[in-house]
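Structure first, commentary second.
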Amino acid sequence: MIRDVKINSYQFLVLVILFTIGTSILTVPSALATDAKQDAWLAAIFGTGIGLLVIWLFITIALWFPNLTYVQLLEKLFGKWVGKAFSALFVLMSLIYASELLYYFGLFLNIHMMPSTPMVVLSILLAGVMVMGVRLGLETFARTAEILIVVFFVIFFILVAFISPEMKFENIQPVYEMGTKKIVQSSIFYVVVSSVDAVVLLMIFPSFINKMKQVKKSFLLGNLIGGIVIIVITFLSVSVFGVEKTAGEIYPSYELTKRINIGNFVQRIEGLMASLWVITLYFKTTLYFYASVLGMAQILNLKDYRPLTLPLGMIAVVLSLVIYPNVMYQQHWDSTTGNSLTLSIGLFLPLLMVVVYAIRKRTKKKEIEINE
Amino acid sequence: MSFFRKKSNSKIHSNSISTSQMMKTSSTNELKTNLQENIQIIKDSLGKSSDIIIREIRIGKEETIKAGIIYTDGLTDTDSLQNFILETLMLDIKGTELQKKVSPEQNLISVLKDFAMTVGEIKELTNFEELFSGLLSGDTILLIDGYAQGLIISNRQWVERGVTESTAQMVVRGPREGFSENLRVNTALVRRKIKDPNLWMESKVIGKRTKTNVSMMYINGIVNDKTVKEVRLRLDKIDIDGILESGNIEELIQDAPLSPFPTVFNTERPDIVAAALLEGRIAILVDGTPFVLIVPALFTQFFQSSEDYYQRADIASLIRLLRFFAFTIALLAPAFFIAITTFHHVMLPPALLISLAAQREGVPFPAFVEAIIMEVTFEILREAGVRMPRNIGSAMSIVGAFVIGTAAVEAGIISAAMVIVVSITAISSFVSPTYDLAISVRMLRFGFMALAASFGLVGITIGLIALLLHLCSLRSFGVPYMSPVAPFNLPDQEDTFIRLPRWKMFTRPSLINQQNIVRQQDSASAKPEPPKNKEYEGV
Amino acid sequence: MIKSIGILLIAAAILWIEVPPLLEKKYKKELLVFSILLAIGVGLSITLGFEKPIPNPLDLLTIIFKPLDDVISHLLK
Amino acid sequence: MKKCMFVLLILSLFLTGCWDRRELNELGITLALGIDKVEDEYQVTAQVVVPSEISSKTSTGRSPVTLFQATGETVYEALRKITKISPRKIYPGHLRTLVLGEDLAEEGIAESLDFLSRDWEFRSDFFVVIAKDMTAAEVLNVTTTIENIPANKMFNTLKTSEASWAATNAFILDELIANLTSDGKEAVLTGIIVTGEQEMGSSKQNVESITPSARIEYNGLAVFKKDKLVGWLTEIDGRRYNAIVNEVQNTVTAISCPEEGKATLEIIQFDSKMKGKMNKGKPEVDINIKVKGNVGEVECQINLNDPETIVELEKNTEKEMEERIKSTIETVQKQYKSDIFGFGNAIHRSNPKEWKKIKEQWDEEFPEMTANVKVDVKLVHTGTVGNSFLEEIEGR
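Structure representation (structure tokens):
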């Protein structure tokens, strides 16, 4: 149906890493520190662990039909109309999240760098490259990711190496004060943002990937590496700033870069470091957008998704300006309805699919075999 | 030459007036038996071009056979014409009974060809198409009255530049020779380096009017056959009246005509062509220009100088990394400066901030305009420097340096820091071993400056993402332009950002050719070692 | 006013880019979906340009997911 | 097609413009800021650099900085009001020093700091100091030598004296706020004063003589309880405070010789560990200090060649330091009742559960608690000479 593109497992790994880090690198340290206090980094570790389980669930589901995307899978399992309804919700979610990230981008810049630039301009700026990326196709996009992940990790290691002298271990003591229950509870937000959201990757995995065998590993490994980055960032935030400031800042990891000062020479480089967030944010946004565009094309059985990119990009820009009236609404929504939305599409729906699959397996066995 | 055959092709027919004229005068394509008639047709077709010499002679024992010798003055080697054709025909074979040698198997033409002509390459011809193409390429035509046939005697020789040092791609160490304008000399230069029977050459004539000879060169067995097919296809598709330089071909066969980046490599140096052939690439040589095209071309290839392979590997690697760095500077330095001084003041160290602010006191333009003025001034100076007669050059550079460097700053129109930034940018853009990439960078720099002026570093980052997306979407003859970086390929990294020593380079670039990948056997013995026996010790 | 002209210009550019290839390939359905989406996009943008309120889809989702929210937040307490 | 996208992108950029662009010569580069409380209103004083006076080319010999002052109901309002007098908007991204007036400190500094931590242009890596017995404006109104920008002088003096004398404490805004918000630690800030004739301070003549009539000097540590100034520690106590909280990098300290006279010890390595514990339901703190030092100066009759002497010196030093530190702790406990040492945090780290119980009554617990101080001194070098030449001078 859609042009036959394949990316290799390394490229997929890169995409998963960038997706997992995505916005988490900006928002998660603060969110975790609010509840788990100085054990925020432990919560990140727990979150990564739980996240891996979720990813494992995705892999299991996806590998039933290695040639189908999530949208097609839903249709196959639930039948035409129910499946399309679920798919529509999925597409809507992806589109909303794409615009949410456009909003994040604008918000981040408005707060930290350019307060008087109108948000619409910033949204259009990111949406422009986002649409460009999706139009050029997954292959191009994945290759770009391959290059930019190197940039990302170089900057990230610079950040870690240069900020580590500022760490104070008193800030993370006493370790494990909050207890397991509290820590796991507070990690839910992180699991949702980093792993459950990864359900949109099922639009790529496994149908657009060659060499099936390594790819399972790539998905898990990518999530793990992304998780480690988040754990490191959280640990650094808490140990450098202490709990109160980490929880109080909207983007603590950006504040971190302001603290870099090596011999009064390497300092004031936060502007450069901002490209770290722009890169990860860009890829997460584009993956959401790709999922929504491709999903919509597949629901409507279109031959090509490309014509949809520009109009949908336009809609995404408008949505990014409308969905959050202010920052407080965003934070509240993210921690309540946003969570439920993601969880229902990304966790409960897959679980339901497992049930349906198990029930229909016997009755549909023949049909499935024919289809394959 | 094909237009004679494609007479029915209305498009071509209507396009070329002289062709139709020629058609009128020669009712048929074939040569006539009557010599006078033939000569008349030639005269009519070529107008009264004064460089076409038509000489009618009589040969044979009784001087009964009328013959015509036609050649183009200036393209033909008159010495050999004199010595080997005219003398032979008019003097040496005077005593021979030519008619007696004529037999049912051999007419007079073939007799002359086999018996009389003391010239290497000789061909029979039967139609005007061949006649004109040979004549205008510098061959001598021999026509005999009574026969609808003739001979093309190849004794071309025209004034040409010898093999000289290449000027566009200089090296300190490495062969000095560069290609010349003569296709044959050029192929010989390559052939001399690769004495492999598998070095194949395919010739084509492109250009309806210029009839330029174009050769495709590749090593059979290393090259990817699909690529050869693709190149052949694209060359055949060219339908244009004239090819004057390989640049014309490049524009007509490249993958991304609208991209600012070159997807075809060009070089003036035979050693680069030979190395490319050994990697499995295809060279396209065009008659009349020393610049040879190489496909597929990859982005990283433009950072590689042939000298990298003649120097020590460690130095070469460092210099190569330096080139990438210089490329970044040439692309981004002014944009970066604008972004930092107008958006991210925070990033400047306090002392520098104050000193830059002090410099800017009284400068009337915003940093962006200032940078544009300086960049444009520099581009004008550079272009003037290239086109100007050489002896005015030094005067010009003094004026340029003085105007930009000193007077503008003294007058307070431009801040001193901006002059430094623009100079660094300019110098960096010359580091690239190939000119092509420097040109694309020149254009893109302005885009980045505009982005920086409106969005600061974020604009630059977004611009870079867009640029990378574009680069990654490019392909050069089927090979992703950014390979082996994206898609990443570990074995090919031996010769991308760094160059491993020769004894570590075991494979050819794997995306360019899938067959015969091994350059040398992967073995420890490849690494040179001092001899183990003691005999040499103490010598 | 300038805003809506800008939006219409962008829409025109999008049409100019997208429609010819679609017509060439005779993708009728794609063209239909494309037109509908573009109309929605332009409509929303212009509404926004005139600073008229646009209903927030998130509010709707909040109402839909309210029960689930309560369950989850109860679990986390 | 791809090109079209690119063109559109570029076009849209040119259509937009640049909202946040500010040229360097539009910035009022502020290196020092002072906040005072004047009759219920905040008075903000900004020390703004005059760039053309800094560059040697265009300098006309006028003052390199200038002061702008405005009052407002809030700090932000006052700062913005400065635009009424200043031709350029205040740009605080390179702020080096924030001076708080004593009156403000006595009323509480927290309210005035919120803006500084909230506004995006502040980088929160500037030092915060308190003007002792005077207003911040008065401190900022003094010209300085060597560094001709007073803000830089204040910044660098504080940094070097913290590194090599250790009586002052260079707190950046982040650390200050962390201390203010922490349950188990109270804030301190270094004091700053103007000595000499203040009236002369603001003129250029001040720096034209070898001995300026007015100088800026750091003096003492301000002790806070919550966000209110409760008193001052002397310089000596300040050094001991730094010793307890492990802020000493390098300093010299005079010690008494076994018999009479003094010797000076240069401390090259200093490490202080604070450990909290609960002893029979009562909080207790162990402070273990490890010192590595050189004999820097000898002004008495001792035989340095004898290893025994070194051991004796070490013992003496240990004892002296322990006593001094204990007395400082006692002063703070009795006089100010403010846990500036972070004993509460130490308990929290080691006994999180018990800490929860005593957290509420920490103000009562702190003055009563015991602190065990143990100092371990190691002497390594004796400088470039062995025994002092003092021994050779006969008749002493």
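Protein chains in written order, with this note's numbering: chain W, 431 to 802; chain C, 550 to 1088; chain P, -3 to 73; chain S, 76 to 471. The C-beta atom is built at its ideal place from N, Cα and C for all residues, glycine as well.
8 Å Cβ cutoff, residue i in contact with chain S
i	result
G672/W	yes
P913/C	no
E600/W	yes
E607/W	yes
Q760/W	no
S594/C	no
Residue i burial status per 10 Å Cβ neighbour count (16 or more: buried)
i	result
H1019/C	buried
P162/S	exposed
S648/W	buried
L19/P	exposed
E709/C	exposed
F464/S	exposed
F70/P	Going by the sequence as given, residue 70/P is His instead of Phe. Answer is exposed; the Cβ neighbour count stays below 16.
W430/S	buried
V460/S	exposed
K757/C	buried
W12/P	exposed
Q468/W	buried
Q570/C	Confidence in Q570/C is poor, its pLDDT being 46 and thus under 50, which makes the residue's placement unreliable; the coordinate value appears in the next sentence. Exposed.
V952/C	exposed
S454/W	buried
DSSP beta-bridge partners of residue i
i	result
R604/C	I618/C
Y293/S	I267/S
Q697/W	N691/W
G117/S	Note that residue 117/S corresponds to Tyr in the displayed sequence, not to Gly. BP columns for Y117/S point to K112/S, G147/S.
N447/S	D361/S
P1029/C	R1024/C
C-beta neighbour in chain C for residue i, strict 8 Å
i	result
E98/S	yes
P287/S	no
M642/W	no
G103/S	no
D249/S	no
Neighbour flag for residue i against chain W, beta carbons, 8 Å
i	result
A241/S	no
S69/P	yes
S0/P	no
R520/S	Past the edges of chain S, shown from 76 to 471, lies residue 520/S, and the structure says nothing about it.
H423/S	yes
F30/P	yes
F61/P	yes
Minimum Cβ-Cβ distance from residue i to chain P less than 8 Å
i	result
L537/W	no
M549/W	no
Checklist line | alpha helix (DSSP H) segments (min. 4 residues) lying fully within the segment 194 to 259 of chain S | finding: Scanning the segment 194 to 259 of chain S for uninterrupted alpha helix (DSSP H) segments of 4 residues or longer gives 211 to 215, 225 to 239, 248 to 256, listed from N- to C-terminal end.
Next item on the list: Please list the segments of the alpha helix (DSSP H) lying wholly inside the segment 456 to 532 of chain W, counting only runs of 4 or more residues, in order along the chain.
Entry: Counting only runs of 4 or more, we get 470 to 492, 500 to 508.
Note to self: Any contact between the segment 560 to 569 of chain W and the segment 752 to 762 of chain W? By contact I mean 3 or more CB pairs, one from each, below 8 Å.
What the structure shows: no
Note to self: Can you confirm whether the segment 879 to 894 of chain C touches the segment 928 to 948 of chain C when touching is taken to mean that 3 or more C-beta pairs between the two stretches lie within less than 8 Å?
What the structure shows: no
Note to self: With a threshold of 8 Å, are at least 3 pairs of Cβ atoms found where one atom belongs to the segment 307 to 325 of chain S and the other to the segment 237 to 249 of chain S?
What the structure shows: Because the criterion of three Cβ pairs below 8 Å is met, the segment 307 to 325 of chain S and the segment 237 to 249 of chain S touch.
Next item on the list: Go through the segment 579 to 642 of chain W residue by residue and report every complete run of the alpha helix (DSSP H) that reaches 4 residues or more, in order.
Entry: 609 to 616, 618 to 624
Margin query: Would the segment 960 to 974 of chain C count as touching the segment 833 to 849 of chain C if we require 3 or more Cβ pairs under 8 Å?
Written below: Contact annotation: the segment 960 to 974 of chain C does not touch the segment 833 to 849 of chain C, with fewer than three C-beta pairs closer than 8 Å.
Note to self: Does the segment 751 to 761 of chain C come into contact with the segment 722 to 731 of chain C, if we say contact requires no fewer than three beta-carbon pairs (one atom in each stretch) closer than 8 Å?
What the structure shows: no
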